[in-house]
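If you read the protein sequences in the order shown, they are chains X and P. At position 363 of the first sequence (counting the first as 1) the number is 363 in my numbering, and the numbers step up by one without a gap. Count along the second sequence starting at 1, add 461, and that's the number in my numbering. Below is one structure, written out as structure tokens, with a few remarks after it.
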Amino acid sequence: MFEIIEKSLESKEASRASLVQLRGQKRTMTLCTVLNNVLESFSRIDLSGVSARTLIQNRSWGFSSTNRLKKESVEQTLKTAVALASASARNKPKEAVVKEPPAQVATVKAKVKKSFEKASLEDIKEIPFDACRGALEAGAEVASAKATFLAVQDQKWFASSEGSRIYQESTRLLLFVDVIAKCGSLYCPASENLGHTGGLELFDMMPPASLGKDVAERAVKLLSAKPPPSGKFQVILHPTICATLLHEAIGHPLEADLAMEGGGFGGYVSKPVMSKLVTIYDDGVVERGLGYLPYDDEGIKSSRTFLVRNGVLESFMHDRTSAAAMNVSPTGNAHAWDYSVEPLIRQTNIGIEKGDFEEEEMLEDIKEGLFIQGTFGGQADASADFTFGFQNAYWIRHGKLAEMTRGANLSGNAIAVFKTVDAVSKEVVLRPGACGKGQFAIQGRVVPAVRCEILVGGAGS
Amino acid sequence: MSLERFEEDWQFLGDTARKVVRQLERKGVSAAEAFFSASRTTEVTIRNSQVLTENAIEDMGVGFRVATSDNRVGFACTNIAGDEKVLAETGEKAFSIAKLSPSSLHFALPENEKSPHVDGLFDKEAADIAVTEFVDVAYRLIRSVENVDRRVKAKDGRVSCSHSKKGVVNSFGVDKEADETYVFAYVLGTGMQNGEVTPSCYDFELKRKFKLNPEDIGAKVGRMVVAQFNPKPIESFEGVMVFEPEAVSYQICDALIHALKGENVAAGNSCWVGKIGSAVASEKLTIVDDGVSENGFGSRSFDDEGYPSQKTVLVSNGKLESFLHHAATANKLKMKNTGNASRFNASFEVAKQIIGNGYKAKPEVYPSNLIIQAGKKDQSQLISKIKKGLLIGSMAGFVQAGSGLISAQLARAHYVENGQLKHPVKGGMVTGIAFDWLNRVSDLANDSKQFQNSVVPSICVENVKVIGSR
């Protein structure tokens, strides 16, 4: 691939740009979905392509991509990117001076124990079948059990006019289990995902059948649970739901593009913004994390970036343009979903550092509250207002877990919620995550359980 | 890429895809299908009062679906569209996957039936607009948002045009191709007042021609932001809600679509299973799917399996008339195909979002233009009758699959008392079951708006529970 893309860096078109970033990619995806023990979908997706991103007069970006993998189409793509960047260059008032980082020449392959490539299509198909069978074993109330296995194998090439040449290779595996338990007209959904960067060792830690069974048992149990209450409660957020809150409502507002010009964290660098017990980072080199991306799509090397330390806002997540605008170093957060789209400021593996509390200790001080578990996803805006669904909860009464309730939504302002954090668990877990900020992305989250106050939107009392 | 080159590549891909389908037929498959699609997209994105980037993206590829005589089905796709050998191998790959797969009951592909002509889906001019015009529209959007009030900023936005092509060939004689253009202009604004950021407010236009009204969209967004200044928290109460089109198109339509989708009906996950002919909603509600409306953003001559598009009455004065189907769900449920196979719908499913759409995806049942028939009154007349309630512009939060449970944050809402808008609402949620709300629709306004796959007005719903943030 380097041969195909490199040559155009010497072209006349390239010399018109202050910076050229070329990315080539080959991606193979294998998808297998099983619904109620019937194969719903078994697909192979092979994609490849090249993109060119150019900066003109140090102020204006243009981007172009193609699925055609030939030297002349790469040159044509570069030419288009230069023409596009020139289209608005004269309208751009500020110079987006992007500091030149040291050129990176590297080859990185993510660690794998049990290679996915060696698995036969028959082996692959058994993964979702196992999960589905496990789920259906949970009882006759299981109305629908769906398991989806997905492997994303990537080879990425990056070449820039600054001399960087980076090759990265990774395999990411995911398993999604979605169950609906039904009794009369009552539907109770439950779901759980597994995912990591690596090989089939993912299923040594959690066999698909056990995952299926766990999810289905939870769904069945929900049939006899009451709806959750509504109102403001003291809660413990299990890592599954803490991950969604962290990513959506804290992570997004900490992305420099969203923070600039009036986001919820805008103008608060070096100021206390949340509880002293909270330290938040983003780290592109967390092994096995779905956001394991040692170099970003501008060729910047990833490392751990502290965003909030002991409650004090320390940094945003940056690409080279936002870093230049705020006069700081880029943090390796420029990521594109694939070759076909331009990099945006994205999270990699966002995490909360572990605290001092055992789970029982977190329960102890709660007179009446909720232990909230599982996520149905959600959304937040730049001001950190959020809503997201949880799958189920347990009442906490006098420091002890009591009966289960069904799920509903949580909402509020995450900055306000994180001011109320008064306990963080000792244990942290690595979770799979996904994000749809204009483009799609799969990412990791490293999360503990946290205790805080939150608005619960249940229908019960 | 030049238009000629694009057309040349397309011709080659179509010819080769047809060849591969014939080769597969000779190898003894019982059904084979090639779905090929291509797009040339130009877009300009807006971020923080500036044009962020200009992009040009081209893509072209083909997906093969192959079934064996005992209904084992496989799918494989590629975007290496210019290589005959790769395309043939991809067809083979689909076949070998099929042979490995357990039998999938009720697989079906449509037969060849004549598709209607739908006007206004392709505009040659739009397909070749210079990027400078996009930049011009983008700056006009930014200016018109920010001209409303100096506290308002254009945070995000996009102006784009896609020239897209699709083709379907199958072993039952379907062989169809179509060109379409999709034009999109969108801007999102927020405002800062007393150190507080307003919720995000946005508006957009979805068109087939490059005839946009950036000043109207921008000014509307600016005014929406200003209307959010000085919000106040509210108490919990039960009252009358007017959901504006945006709120209807998102959570309420999602619940509707879930109940109407053939796959969910077949799997028993739709709460409307067995209810055809029964009342499922207020008499005020009539809902149709119209795949053939002129200029409709979701209109098309044929669906993504090559079956003719049509207009289907789904709910008539509250009574359920039909579900939505593609070939396989119609076959399974012994109902008529409604031409709703879609490979381009926006899915919330993570795996589907990772895979992508078009030639990369197998078809799923989805509405083309889901139309909730508008009422005759202005929105203000609906509001004027409310004793205590909310005007809800936008809600955040998903609908729970199947059950229709909505517990959504009030992202943009006004408190209404004695027919008057009192103040914007700070925080708070609405909660209830979408299907119960549909039974309590007391009126609809005449302000229908086109979304990607729906056209909906404001609707008025009685007795909705609001959770206050006070």
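By construction, the Cβ of each residue, glycine as well, lies at the ideal position given by its N, Cα and C atoms.
- Look at the stretch 486-513 of chain P and you find these whole runs of beta strand (DSSP E), each 3 residues long or longer: 492-508.
- DSSP assignment within the stretch 594-635 of chain P yields the following whole beta strand (DSSP E) runs of 3 residues or more, N-terminal first: 613-631.
- Straight-line spacing of the CA atoms in Val902/P and Leu602/P works out to 35 Å.
- For a Cβ distance threshold of 7 Å, nothing in chain P lies close to Lys301/X: the least Cβ distance comes to about 23 Å.
- For Thr387/X, the enclosing beta strand (DSSP E) stretches over residues 385-397.
- Excluding the 5 residues flanking it on each side, Lys156/X has same chain C-beta neighbours closer than 6 Å at Gln25, Gln168, in chain order.
- For Ala857/P, the closest alpha carbon among the candidates Ala478/P, Cys662/P, Lys616/P is that of Cys662/P.
- Minimum Cα-Cα distance from Gln443/X among the listed residues Ala382/X, His335/X, Ser340/X corresponds to His335/X.
- Residue pairing for Leu785/P: DSSP places it in a beta bridge opposite Lys722/P.
- Thr529/P is outside the set of residues whose beta carbon lies under 8 Å from a beta carbon in chain X.
- Scanning its chain for C-beta atoms nearer than 6 Å, with the 5 sequence neighbours on each side dropped, one finds around Thr171/X the residues Phe116, Gln153, in chain order.
- A Cβ-Cβ separation of about 11 Å leaves Asp283/X out of contact with Asn333/X under the 8 Å criterion.
- Residue contact with chain P for Trp61/X: present (Cβ-Cβ distance below 8 Å to some residue of chain P).
- Taking a C-beta cut-off of 8 Å against chain P, the contacting residues of the stretch 160-177 of chain X are Leu174, Phe176, listed in chain order.
- With the criterion set as a beta carbon lying under 9 Å from some beta carbon of chain X, the members of the stretch 552-582 of chain P are Lys554, Ala555, Ser557, Ile558, Ala559, Leu561, Ser562, Pro563, Ser564, Ser565, Leu566, in sequence order.
- Sequence-ordered contacts of the stretch 398-417 of chain X with chain P read Gly407, Ala408, Asn409, Ser411, Gly412, Asn413 [C-beta pairs closer than 8 Å].
- Distance from Phe633/P to Asn573/P at the Cβ level is roughly 6 Å; contact confirmed, criterion being Cβ atoms closer than 8 Å.
- Secondary structure note for Gln373/X: its beta strand (DSSP E) is the uninterrupted segment 368-380.
- Taken through DSSP and simplified to helix, strand or coil, Ser557/P comes out as helix.
- For Phe497/P, the closest alpha carbon among the candidates Ile894/P, Gln911/P, Ile718/P, Lys821/P is that of Lys821/P.
- In the DSSP assignment, Leu852/P falls within the unbroken beta strand (DSSP E) covering 849-857.
- Residue contact check for Ser11/X against chain P: no CB pair falls below 8 Å.
- The stretch 668-685 of chain P and the stretch 647-656 of chain P touch, with no fewer than 3 CB-CB distances between them shorter than 8 Å.
- Listed along chain X are Ala87, each with a C-beta nearer than 7 Å to that of Thr593/P.
- Within the stretch 169-216 of chain X, the runs of alpha helix (DSSP H) at least 4 residues long that lie entirely inside it are, in chain order, 202-205.
- Ala131/X is a Cβ neighbour of Gly212/X, given a cutoff of 8 Å.
- Identification of residues in the stretch 46-72 of chain X having a C-beta nearer than 9 Å to some C-beta of chain P yields Asp46, Leu47, Ser48, Gly49, Ser51, Arg53, Ser60, Trp61, Gly62, Phe63, Ser64, Ser65, Thr66, Asn67, Arg68, Leu69, Lys70, given in sequence order.
- Under the DSSP assignment, Cys242/X falls in the alpha helix (DSSP H) whose first and last residues are 239-245.
- With at least 16 other beta carbons inside 10 angstroms of its own, Asp751/P counts as buried.
- Residues of the stretch 17-39 of chain X with a C-beta atom less than 8 Å from some C-beta of chain P are Met29, Leu31, Thr33, Leu35, Asn36, Val38, Leu39, listed in chain order.
- Around the Cβ of Arg218/X, a 10 Å sphere holds 16 or more other Cβ atoms; the residue is buried.
- Ala143/X reaches chain P at Ala728, Gly729, Asn730, Gly863, counting residues in chain order whose Cβ is nearer than 9 Å.
- Residues of chain X with a Cβ closer than 7 Å to the Cβ of Glu699/P do not exist; the shortest Cβ-Cβ separation is about 12 Å.
- For Ile442/X, there is no enclosing alpha helix (DSSP H); the enclosing beta strand (DSSP E) covers residues 441-447.
- Among the residues of chain P, none has a CB under 8 Å from the CB of Pro128/X; the nearest is roughly 10 Å distant.
- Sequence-distant Cβ neighbours of Asp764/P in its own chain, meaning closer than 8 Å and more than five residues away, are Gly752, Ser770, His787, Gly800, Asn801, Ala802, Ser803, Pro824, Ser829.
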